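Everything below concerns the one structure shown next.
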């Protein structure tokens, strides 16, 4: 998978994640904080690795 495709997929996942958290908040899910924290860590790691391997200088 190319970097461009990976970043496009990661952008889509970020949007879906945001919508999912919004829906769960509207439904008043009790474990929303845990779900949001786990998702944020996973997405953050994805974006960090995306930037790390982008090859933009030192």
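Numbering (our numbering), first residue to last: 587 to 644.
All residues carry an ideal CB built from backbone N, CA and C; glycine is no exception.
No experiment lies behind these values; they were computed from the predicted model shown.
Pop quiz: residue i and residue j are said to be a contact at Cβ under 8 Å. What is the actual Cβ separation, rounded to whole angstroms?
i           : j           : result
residue 611 : residue 618 : 6 Å
residue 600 : residue 629 : 6 Å
Measure the alpha-carbon distance for residue i versus residue j and round it to whole angstroms.
i           : j           : result
residue 614 : residue 603 : 16 Å
residue 621 : residue 638 : 26 Å
residue 616 : residue 626 : 17 Å
residue 623 : residue 634 : 16 Å
With a CB to CB cut of under 8 Å and the five nearest residues on each side skipped, what residues in its chain are close to residue i?
i           : result
residue 636 : 589, 592, 593 and 596
Could you name the residues of the same chain whose beta carbon sits closer than 6 Å to that of residue i, not counting the 5 residues immediately before and after it, in chain order?
i           : result
residue 631 : none
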